[in-house]
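Chains Y and W are the protein sequences, given in the same order. First residue of the first sequence? That's 867 in this note's numbering, and the numbers climb one at a time after it. First residue of the second sequence? That's 869 in this note's numbering, and the numbers climb one at a time after it. Think of the CB as a built atom: it goes at the ideal place given N, C-alpha and C, for glycine as much as any other residue.
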Amino acid sequence: MKKKTIALLLASAMAAALFAGCGGKKDGNIGKETASAKEETSASGETDDDGIVCYVGHGFWGGSLDPVKGAYAYGYDFTNNALLRVAPDSSYTGDLAESWEVAPDARTYTFHLKNGIKFQDGSDFSAEDVVFTYETVMERQGDNEDVDLTKLAQVEAPDEKTVVFTLKEPYSPFLDATAQLGIVPSDSYDSAAFDEKPVGTGPWKVVQYDAEQQLIVEANEEYFDGAPKIQRVTFVDMDNEAAFSNAQSGQLDIVMVQPNYASEEIKGMHIEELETMDVRNISLPCRPRQMMRDSKGNDVEVGNDVTSDVHVRRALSIGIDRERIIENAFNGVGRPAYGFTKNLEWGNAPEGQDGQADEAKEILEKAGWSDGDGDGVREKDGVKCEFEVYTPSDEQDRYNLAAAVAEEAKGLGISIIVKQTSWDEIYKTSNTGGVVWGFGQYNPIVVSQLFNSDGILKGDFDNKPAYENKKADALIGEAIGAAEYEEAVSKWKEVQSVYAEEYPYLFIVNIEHCYFVSDRLDISVDTQIPHPHGHGIPIICNMKDWSLK
Amino acid sequence: MDRKTARFNTRTRVMVYIVLAFVYLAGVLLWGLLMDPEAYAVDYRVKFLPPGAGHLFGTDFMGRDMLFRCVKGLSTSIVIGVIASAVSSVIALAAGVAAAVVGGKLDSFVNWCVDLCMGMPHLVLLVLISFMLGRGMKGVMFGVALTHWPELTRIVRAEVLQIRAQPYVQAAYRLGKTRMQVAREHILPHVLPVYLIGVILLFPHAIMHEASITFLGFGLSAEEPAIGVILSESMKHIATGKWWLALFPGILLLAAIMLFDVIGENLKRLLNPGSGHE
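In structure tokens:
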């Protein structure tokens, strides 16, 4: 019997080696719809249906499709439109709203809506629907973690085409919420039904949705901004590797891949590396090791005796070679980053120069870090120049990145120990060690989350280095309280120059999203907006402009 | 009979197997333990080299030499296997002998524990324990050590029950020997062969389970060279044709496990009075 068990185990081990290969087939045949859709598309371009099949990342169709519960809060249209949307230059522009103005008290936002827009069910879109949507989300804010309306006091519709929002206090990032929250029809909204089949004004109608399996959408011929050119799009959910194999066998028109796959070749497809605003950085605790009390009243250990020295942080930032890190970790896909990217209106990365290993070493020497015992790692007053950097175990890319940074740091005499662990563990260790984070959103409030001292020891992501700078805090307050969006933008930019000299985060790379795209498909790269954080999914931002050749 | 005229009798052949297996396993273990971590250090200049003269097993996505990583990983697995088997076997021996000799409530209790542990899928139990202890080396070690005793306990208990019913054991009791004395002098020596084989056959289980939970992401973490980590990483690259990342570690693991099995099976034949003299 024992022998049998062992044999079974061995067999399963060998089967595991073949898993990636057959996983594709297994995952690919979910439901008849997918299978038939695939047959149609794989028939060498001659399709009766004019449809495509896409893989844009694993697990992103897992939850509800209802905008009220946070679906598609990315700043672009899909099934529903929001009041505003994000333009390719990442500024806000009217979507359902024609124009908007903010009163000088910075608390009253008035939106004038476009005329003649209809929902997919034929009913008219009016101010009443906007009021309904916002009030529903306010009532059930707990269901929606993507659109934050806690600063909103009330929303009213003085007439059919006007909506007035009143905030509890001045809060300039509110504008971003109006670009994220898709509007649902007040008459036919049904919380349960909208989980699977939301009705909106958007360019796409949901035909079928099977959570974590597939989503099929059809063009809305009546779309007010021009009907999509492609009739039908099927999104399938599978593993990255399985998707890649499926693409190789010609079953997908778009497949998202990790940067390490970007140098592969697939017949009939070409690679697209699309611009994002998503940056990867490593938080570096700014305080010496100490006990602090968190917002719940617990004493927690905070800080790190190595990274608390600004010279170490500065030396790292100028001493490493970001191009080489990107080459090593990401196969050369991505751009060096020194802060939030310039493709954001408010992004203000300092003009950085790195690869200055000699200057970095000089800074370290002057600050008293020198290698006395010849083991290649500097020390100062008996403290070894060594710290840990944690990466989540479900993201291999971040581990690769941290490992590549560690290799660069080694050359400077700084030892970085890279560890992989679960997110639960990371939330704890991030107080005392470095963590590889990813940030990318249109909403400038992220600057406050990362650098405002009132966030210290509050949330899981907020200000992990426990950085405190009175000037930055004040500027953040001014940016949030600004009435004019332009004024807020300039304040946000100023905040970033203030903290730039202190390097609480080591910015490394502005990633690019990689996709293999079928040669018969044009994804209109010009109208793509810079992708927010969201792995592969943001490629659909301009899906209505895509066309088949 | 044919067997007697064969050039080597079973006993010799078995001894050769055992020596070979032992040399392989001890060799991997020592090589891994004494290895300089620089041997499998990151070197981005040699990413994804197929197997060749410089790197017998090729290199991975960070340019680490796969041969050295595999050997290091396997030796970690063997260490875990040895420790887990040792702990499991001590638990099994103590529980099995105590249950059978003392009997009564203790026997029911031990049986109950065995049923409890065996009633749950082994891998699930392992994952639970490992996860609870925060994964990593500690989690795997406790997980593997604490879940491999029930089967052996059953075997030991059955064996002891059988021996205890023998007339000479009963005679020893009548002669006034205490339970402990009987257990030590008359029962243990007879249980030993079964027990030893059980222990050796535990190794492959322990190693496989270490590799399995690490493969699933509940064991050793990615920065440690472990066979499970190597195999799960290789899954990411197999679709692009990097076959060597999965093949060689797989073979090494397979060889280690089969050799333990060979040792166990052959020892059984040697120690079993029925086949020991063939």
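- Item | Whole-angstrom distance between S992(Y) and N981(Y), CA atom to CA atom | Numbered from its first residue, the first sequence carries residue 981(Y) at position 115. Numbered from its first residue, the first sequence carries residue 992(Y) at position 126. Rounded to whole angstroms, N981(Y) to S992(Y) spans 8 Å at the Cα level.
- Task: Determine the chain W residues that contact S1111(Y) at a beta-carbon separation under 8 Å, and present them in chain order.
- Result: Indexing the first sequence from 1 puts residue 1111(Y) at position 245. Neighbours of S1111(Y) in chain W, taken as residues whose beta carbon is under 8 Å from its own, are A1107 in chain order.
- Item | Top-ranked residue by Cα proximity to M934(W), from F916(W), I948(W) and S945(W) | Reading the second sequence from its first residue, position 66 is the one you call residue 934(W). The residue with the shortest Cα to Cα distance from M934(W) is F916(W).
- Message: If the criterion is Cβ atoms closer than 8 Å, does the pair N1335(Y) and Y1365(Y) meet it?
- Response: Start at 1 with the first residue of the first sequence, and residue 1335(Y) comes out as number 469. Start at 1 with the first residue of the first sequence, and residue 1365(Y) comes out as number 499. The Cβ atoms of N1335(Y) and Y1365(Y) sit closer than 8 Å to each other.
- Using only alpha-carbon positions, find the residue among F925(W), V982(W) and G1007(W) that is nearest to L994(W). Along the second sequence, read from residue 1 onward, the residue named residue 994(W) stands at position 126. Nearest to L994(W) by alpha-carbon distance, out of F925(W), V982(W) and G1007(W), is G1007(W).
- Message: Closer than 7 Å between beta carbons: that is the criterion. Which residues of the stretch 1124 to 1141 of chain Y meet it against chain W?
- Response: Cβ contacts with chain W come from N1126, Y1127 and E1130.
- Query: In angstroms, rounded to a whole number, what distance separates the CA positions of E1026(Y) and L979(Y)?
  - Reply: For the purposes of this step, residue 1026(Y) is taken as residue 160 along the first sequence, with counting starting at 1. For the purposes of this step, residue 979(Y) is taken as residue 113 along the first sequence, with counting starting at 1. Going from the Cα of E1026(Y) to the Cα of L979(Y) covers about 9 Å.
- Helix or strand or just coil, what does DSSP make of L876(Y)? As a position in the first sequence, residue 876(Y) is number 10, starting the count at 1. Caution is warranted here: a pLDDT of 49 is assigned to L876(Y), below 50, making its placement in the model unreliable, and the coordinate value is therefore given only provisionally. Three-state result, L876(Y): helix.
- Task: Take V1156(W) as the anchor and find which of E1078(W), I1125(W) and W1111(W) has the nearest alpha-carbon.
- Result: As displayed, chain W neither begins before 869 nor continues past 1146, which places residue 1156(W) out of reach and without an answer.
- Backbone CA spacing between I1125(W) and M1076(W) [nearest angstrom]: Walking along the second sequence from the start, residue 1125(W) turns up at place 257. Walking along the second sequence from the start, residue 1076(W) turns up at place 208. Those two C-alpha atoms are separated by around 8 Å.
- How long is the line joining the alpha carbons of P1396(Y) and R1201(Y), rounded to whole angstroms? In the first sequence, the residue the question calls residue 1396(Y) occupies position 530. In the first sequence, the residue the question calls residue 1201(Y) occupies position 335. It is roughly 13 Å from the alpha-carbon of P1396(Y) to the alpha-carbon of R1201(Y).
- Query: Would A1090(W) count as contacting chain Y if we go by Cβ distances under 8 Å?
  - Reply: Mapped onto the second sequence, residue 1090(W) falls at position 222. Output row for A1090(W): interface = yes.
- Query: Got a sec: is the Cβ-Cβ distance from G894(Y) to anything in chain W below 8 Å?
  - Reply: Looking up residue 894(Y) in the first sequence gives position 28. Confidence at G894(Y) is low in this model, with a pLDDT of 39, below 50, so its placement is unreliable and no value can be given for it.
- Pick from R1155(Y), N1376(Y), S1038(Y) and N1209(Y) that is closest to D971(Y), judged by C-alpha positions: Translated into positions along the first sequence, residue 971(Y) becomes position 105. Cα-wise, what sits closest to D971(Y) is S1038(Y).
- Name, in chain order, the residues that DSSP records as bridge partners for N1147(Y). If you number the first sequence from 1, residue 1147(Y) lands on position 281. Partner(s): W1303(Y) and F1373(Y).
- Message: Does chain Y have any CB closer than 8 Å to the CB of L1127(W)?
- Response: Mapped onto the second sequence, residue 1127(W) falls at position 259. Answer no: the Cβ-Cβ gap between L1127(W) and chain Y never drops below 8 Å.
- Item | Start-end ranges of the beta strand (DSSP E) lying completely within the stretch 1053 to 1130 of chain Y, minimum 3 residues | The qualifying runs are 1070 to 1076, 1080 to 1085, 1098 to 1102 and 1120 to 1123.
- Query: Any C-beta of chain Y sitting closer than 8 Å to the C-beta of M1103(W)?
  - Reply: Residue mapping note: residue 1103(W) aligns to position 235 of the second sequence, counting from 1. Closer than 8 Å to some Cβ of chain Y, the Cβ of M1103(W) qualifies, so yes.
- Query: Where does I1031(W) sit, in a helix, a strand or coil, going by DSSP?
  - Reply: Stepping through the second sequence from its first residue, residue 1031(W) is reached at position 163. In this structure, I1031(W) counts as helix in the three-state DSSP scheme.
- Locate the beta strand (DSSP E) running through A1023(Y), then write down its first and last residues. Along the first sequence, read from residue 1 onward, the residue named residue 1023(Y) stands at position 157. Residues L1018 to D1025.
- Query: Using 8 Å as the limit for Cβ to Cβ distance, is M930(W) near chain Y?
  - Reply: Taking the first residue of the second sequence as position 1, residue 930(W) is located at position 62. Interface residue, yes.
- Message: At the 8 Å Cβ level, is Y912(W) part of the contact set with chain Y, yes or no?
- Response: As a first step, residue 912(W) must be located in the second sequence, where it is residue number 44. It does: the Cβ of Y912(W) has a partner Cβ on chain Y nearer than 8 Å.
- Message: So that I know if they touch, is there some Cβ in chain Y lying closer than 8 Å to that of G1085(W)?
- Response: Taking the first residue of the second sequence as position 1, residue 1085(W) is located at position 217. Interface annotation, G1085(W): in contact with chain Y, CB-CB separation under 8 Å.
- Message: What does the Cβ neighbour count give for P1057(W), buried or exposed, with the cut at 16 atoms within 10 Å?
- Response: By 1-based counting over the second sequence, the position of residue 1057(W) is 189. Counting C-beta atoms within 10 angstroms of its own C-beta, P1057(W) has fewer than 16 neighbours from the protein chains shown and is therefore classed as exposed.
- Message: If you reduce the DSSP assignment to three classes, tell me which class H1016(W) lands in.
- Response: Here residue 1016(W) corresponds to residue number 148 of the second sequence, with the count starting at 1. In this structure, H1016(W) counts as coil in the three-state DSSP scheme.
- Supposed close pair A948(Y), G1048(Y) - CB separation, criterion 8 Å: Reading the first sequence from its first residue, position 82 is the one you call residue 948(Y). Reading the first sequence from its first residue, position 182 is the one you call residue 1048(Y). About 5 Å separates the two Cβ atoms, so the contact holds.
- Task: Please go through the same chain and pick out, in chain order, the residues whose beta-carbon is closer than 7 Å to the beta-carbon of N1134(W), but skip the five residues on each side of it.
- Result: Against the second sequence, residue 1134(W) aligns to sequence position 266. Closer than 7 Å at the Cβ level, and outside the excluded window around N1134(W), lie V882, Y885 and I886.
- Task: Can you pull the chain W residues whose beta carbon is under 9 Å from the beta carbon of Y1265(Y), in chain order?
- Result: Residue mapping note: residue 1265(Y) aligns to position 399 of the first sequence, counting from 1. Simply A1090 and E1091.
- Query: Start and end of the alpha helix (DSSP H) containing Y921(Y)?
  - Reply: Sequence index remark: in the first sequence, residue 921(Y) carries index 55 (1-based). From DSSP, Y921(Y) is part of no alpha helix (DSSP H) but of the beta strand (DSSP E) over G917 to Y921.
- Cα-Cα, which of I1106(W), S1102(W) and V969(W) is closest to E1053(W)? Within the second sequence, numbered from 1, the residue matching residue 1053(W) stands at position 185. Proximity to E1053(W) across I1106(W), S1102(W) and V969(W) peaks at V969(W), based on C-alpha coordinates.
- As assigned by DSSP and simplified to three states, the class of T913(Y): Counted from its first residue, the first sequence places residue 913(Y) at position 47. Its pLDDT being 45, under 50, T913(Y) is placed unreliably by the model, and the measurement read from it follows with that caveat. T913(Y): coil per DSSP, three-state reduction.
- For the ligand MN, is there a heavy atom less than 7 Å away from the beta-carbon of K935(Y)? Of the ligands one can find in the structure shown there are none, so the ligand MN has no counterpart to examine.
- Is it right to say F890(W) is buried, meaning 16 or more other beta carbons lie within 10 angstroms of its own, or is it exposed? Taking the first residue of the second sequence as 1, we reach residue 890(W) at position 22. Around the C-beta of F890(W), fewer than 16 other C-beta atoms lie within 10 Å, and the residue is accordingly described as exposed.
- Task: Say whether the stretch 1264 to 1275 of chain Y touches the stretch 1227 to 1244 of chain Y, bearing in mind that this needs 3 or more beta-carbon pairs closer than 8 Å, one atom from each stretch.
- Result: Output reads no: the stretch 1227 to 1244 of chain Y does not touch the stretch 1264 to 1275 of chain Y.
- Item | Straight-line Cα distance separating C985(W) from F1010(W) | Here residue 1010(W) corresponds to residue number 142 of the second sequence, with the count starting at 1. Here residue 985(W) corresponds to residue number 117 of the second sequence, with the count starting at 1. Spanning the two alpha carbons is a distance of roughly 14 Å.
- Task: Please compile the residues from chain W whose C-beta is within a distance smaller than 7 Å of the C-beta of Q1262(Y).
- Result: Position 396 of the first sequence, counted from the first residue, corresponds to residue 1262(Y). Near Q1262(Y) (Cβ distances below 7 Å), the residues of chain W are K1104.
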